[in-house]
Structure formats: C-alpha cells, structure tokens
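Remarks on the structure that follows.
In the working numbering, the protein residues as written are 1 to 660.
This is the structure in structure tokens:
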C-alpha cells in the first residue's frame, strides 16, 4: 500500500469520527432528556413539600438516582432545546395544601394547570404574575380564595385564563375568589379565552370596558359573577370586540336595555347591559344568557345580526312580550341548538309558524315550560336535522302532527305534562315510520287525553332507552311482545294508567332496567318473577299492583344500587319478620326510601331498617306493629331520626327520617 493511499484512508477515518461527533452533538441539542437545573428541581421539591398527596401522584418527584432528572417527573415537561421546565400540568389530581413561593424559580414556565385541587381558600399567589412567559393558566375548581392579584397584569403573553368555580355561591365572600376591579385585564392583550365563572365581580363597575380592550378574545365566560350593570361613558368602547365566538353571561342580573338601544329605540338611561360587547361581533357562534332579567327586545337584537350563531340559550328569562320570537329565530340560518326553557314565551303567530319550514339546521330544540297554549305546529316536522325536541310543560293541545313521521334523525322527544290527545297507537305509528328508527327517549307522560292500548309495534323500536307513558288514560293488556326488541331499554314508566301486565312466569326480558315505575298497573297476585332478572334497578315502584303475596327473599337481593322502593297499597301478607331481623350490611346499602304502608303486614320493625332515610309502615286498620323508639334513636347512622308514634295498645306507626 502506498503512502498516498494510507493518507487518504486516514482522512476518511477522521471525517467519519468528526461526522459521528457532530451527530452526537446534534442529538444532544435536541434531546428532551437534557435534564432540568438544580434550581428548578429544588423549586418543585419545595412545592411538593407544601402539598398533601394522598394519591401518590407525585411519587416520582424525588432525589433518588432514578428520579434525579425532574424532566421525567409526572406532570413536569421540559423544553427539548433548553432543558428548562416549561409546563406543569397537575390538573385533577386532588392535591391539597398551599403553593410554595419557591415555584417562582420556574421562570421559563409557559403552561400551568393546577385545576381541580384543593388550596384551602388560600389566595392566588402574587408571584404567579412573575411567570412572564406564561401562555396558559388554569386555576379552576381549585378552592382558591381572596382577591385576584393585580400582578396578573404582567402575564402579557397569556392566551388562556381560567379562574372559574372558585366562587362565592356556597361560601362567604371573604373566603371566595373576588375582584374589586379588572384594571389588570387590559394588559393581557393576547388573551383568547377568559373564564371567571363564579367569581364575585359585584364591585367591578368597569368590567365591560376591560373586556372590550381584549381585541383577540374569542371565549368570554362570566357565568354567575353577580355582574353589575356597566355604565358606558363612550359607546365607542363597544366596537372593539369583533373576535368573540362564545359569550356566556348567564346567571347574572342583566337587563335588556342594550338590545333596545341597538334596535334604535334611543332609551334615555345610559346604563347598558353587558351584551353590548357583542354589538358588531358577527363572529359570534355561541351565546348563553340564561337566568337573567332579559325581555323580548333581545329578539330585535338577534334578528339578522348574528348570522353565524350556532348555539343560543336564553332560558329562565321573562320573554312574555316576544310575539315574533319564532320569526327572529328563523333568521339565524346556522342555528343548531335553541334552548328557551321557561321563558314565558307567548303562542307563536300562526302566520309565522311556517317559517320553521326553512329551519333545517336545528338539531336540539328545548321550548319546555312555556305558555305556548296551542297545538304543535305541523311545520315542526320539516326540521329534518332535528335530533332532540323538548316541548314538555308548554300547555300544548291536540295531537302529534303526521309530519313528525319525517323526523328520521330524532333521538329524543319530550312531550310530557301537556294537554295532548289522541290514540297511542296512532302516535307510535307516526314515530315508527322511518326505515331506520333512531328514537331513544320517548316521554308523553301526563297527557290525560292520550288513550287506548299500547300497540305491539312499539316492541320493534329497538333503539328505545326510555319509555314514559305515566299519567295518561291507557288501558289494555301488555305482554312480552311489547318488549320483544327493546334491548336498550333502561327506564320504564307506565304508572297511573289502567294497564294489565301479563307475562309468562318464566319470561326473561331482553333489557336491564334502572327505573321501574308501574304504580296502579295490575300484575298480581304474586310478585312478578321477571323482576328477579333486573340487576341494575335503582328505583322500583310497584305500588297498587294487586299483589297479595308475601315478600320473596329475592326482592332484597335485587340490586346493590336500589335507593327507592314503594310496595304500598297492595295486600302483601305476613309478619314484618319476613324482612329478616338483621339485613346483611352489603344488602340494600343504598336504600333511602322504603314504603310498605297500606298492606297486611304486622310484627316488630327490624332495627336494621333504622338506617333508611324514609320509612312507611302505616297500616290501613292500625294493625299490629311494635317497635321501640330507642332502637331508632340510638342507631349509629348519619341520619337524624324523627319518629311519630300513635300511642295505643295496637300501634299505627309512621316513620320519617330527616337529614340532621
């Protein structure tokens, strides 16, 4: 080999070594495991020391060899380039304690989530305002108290701020989170999401001006903040918020003067309701204003102005004078969810009902608990995208329109507590006409004009999860065929009708029910055996069922989650000893209410029943019940007991237990 060849090979070798070194160096620079600094580790350990960690969430936080790099600790995230801690995510970990001031050492922090923990009503630390790189701050549901620190004004890069649900609803104002002003807010010029739900802002007169100085704000949520009516010194402040997509000012005490002003009514008072922030905001997609003092002028504001609106909730406002509300709603072409629950809405003008013909974007409509006092408009059936319709408690009359047969995407239909009429078989025919029936929840309860028998074809509506026919005028026999394909059924209410339930002795239903309400149905004289197959029952009412049997032992093994059982107004026989003198602790653990009144039961009430919150043992003829007040008053239960005795030789006992 010549000298020239040797030199050439050496050059190649050196190049390979250099290249390998360069690769290692680059990998080192991009390695997420560079490791956090000693200063940051000390800060995190000091933070841990101030917390109670019952769930061992911070178990990986330590100085052991395997834990020496805090970038590997749970909830801690470091920069791939610098190795500094940039994210601390401990939301929902049920930690308790206070925040150590040492945490201020995490000067590169961009993301801080301490939500759903318990900081024992301590004040939000002032030093959080020192995290100048912070973009995301979530301290919601963390049991902070005191005043919001003005030092938050230093978080000039912040885009997301959530201090919600540390509020004043259930605790004193001193211990809840509150603010005297929002002077710190305009400094957060990059803020896109602001949620102060439940924060007491009753002293913050200038809250609207502060919000209007956030040009990039997309989501504004001030639910239940006790907002005062803002006084606007210059209408021009209302023109800067054009980015808003979601506004929730629900559960405040706001009025509608702004809507009248914007409609050209020129009201004299200079007090302008908070929704003025949305004056020229055509970007709005969602508006929640329930639980306020709004009036019908809100529909003037809505009409044709907010064409991108998708979600609108104005529930629990007094909209009595909103005669053209239906027309206004129809001028929102993208509206998907409309919730106007308990708004005192007047009956829709007949000429305007046809406008629903073009509302094909609506998916969820809730007009429940209003004063519609009309029949269901036939054009409601033209809302072809409708998945949920709630018209319960709205004084409706007449029948269900044939046009409902076109609602082939409908999953939920609530028409209870009205004055509807017609044959149930006709209603089921209308609702089952779609080739692929999607209906899951059907409630037509408490419409005494709905009559006839339950048709067998209801058993073919295989998606049904809820059937509520209680409180109608139904009659006839119900058998297995009515439930043949109801595999998903979990809620059944046929109570207060004149129905006879006639099932084979060995019938095993295709469903598992959570709620069974069969009051005044006839299915005696024995306890129905099919009940024994239902292992998920939480509420059982088979009162006034014509049962003359003794209570079977399997009834007490029915479901560990059973909290309500009503067997009253039957002719159940035997001594109360059939209940067993001591029920095993794992049986009927959740039972809160047991009614055995108006039966033929006598004997001593077992002490094991003293832990039940509501007991009924009244006997029709003041029969032989005996007990001692002592074994109820000395029980080691969390309930306070009130026992009312009629002191006679033969006792008629009514027991009631109230929470102490």
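Cβ coordinates follow ideal geometry from the N, Cα and C atoms, glycine included.
Listed in chain order, the non-local C-beta contacts of residue 245 below 6 Å within the same chain comprise 218, 283, 285, local neighbours out to five positions each way being set aside. Nearest Cα to residue 193 within the set 214, 592, 436, 44: 214. In this structure, the alpha-carbon of residue 98 lies about 9 Å from that of residue 52. With contacts defined as CB atoms closer than 8 Å, residue 393 and residue 376 fail to qualify as a contacting pair. The beta carbon of residue 57 lies closer than 6 Å to those of 93 in the same chain, with the five residues before and after it left out. Per the C-alpha coordinates, the member of 141, 464, 334, 45 positioned closest to residue 493 is 464. With a 10 Å radius around the Cβ and a threshold of 16 neighbouring Cβ atoms, residue 142 comes out buried.
Under the DSSP assignment, residue 87 falls in the beta strand (DSSP E) whose first and last residues are 85 to 89. Restricting attention to beta strand (DSSP E) runs no shorter than 3 residues, the segment 538 to 582 encloses them at 539 to 541, 564 to 566, 573 to 575, ordered along the chain. Contact between residue 591 and residue 563 holds: their C-beta atoms lie close to 6 Å from each other, under 8 Å.
Taking the Cβ atoms as the reference, residue 136 lies roughly 4 Å from residue 111, within the contact range of under 8 Å. Residue 88 sits buried, since 16 or more C-beta atoms from the chains shown fall within 10 Å of its C-beta. DSSP places residue 48 within a helical segment (H, G or I) once states are collapsed to three.
By a beta-carbon distance limit of 8 Å, residue 487 does not contact residue 520. Their separation comes to about 27 Å. Residue burial annotation: residue 317 is buried, with at least 16 other C-beta atoms found within 10 angstroms of its C-beta.
For residue 118, same chain residues with a beta-carbon under 6 Å away, outside a window of 5 residues either side, are 96, 143 in chain order. The Cβ atoms of residue 157 and residue 185 do not sit closer than 8 Å to each other. According to the DSSP assignment, residue 209 belongs to no beta strand (DSSP E) but to the alpha helix (DSSP H) extending over 207 to 212. According to the DSSP assignment, residue 138 belongs to the beta strand (DSSP E) that extends over 136 to 138.
Looking at the backbone, the Cα of residue 62 and that of residue 129 are separated by about 27 Å. Per DSSP, residue 365 is one residue of the beta strand (DSSP E) stretching across 364 to 366. With a 10 Å radius around the Cβ and a threshold of 16 neighbouring Cβ atoms, residue 333 comes out exposed. The beta-carbon distance between residue 345 and residue 322, rounded to whole angstroms, is 6 Å. This is short enough to meet the 8 Å contact definition.
As summarised for the segment 471 to 501, there are no continuous alpha helix (DSSP H) elements at least 4 residues long confined to that stretch. The DSSP-derived three-state label of residue 336 is coil. Shortest Cα-Cα distance from residue 407 to any of 361, 79, 254 involves 361. By the criterion of a C-beta distance shorter than 6 Å, residue 139 is surrounded in its chain by 114, 163, once the five residues flanking it on both sides are discounted. Ranking 125, 145, 175 by CA distance to the CA of residue 152 puts 125 first. By the neighbour-count definition (other C-beta atoms within 10 Å, threshold 16), residue 55 is an exposed residue. Assignment of beta-bridge partners to residue 421 by DSSP yields 449. Excluding sequence positions up to five before and after residue 223, its CB lies within less than 6 Å of the CB of 197, 248, 250, 251, all in the same chain and listed in chain order.
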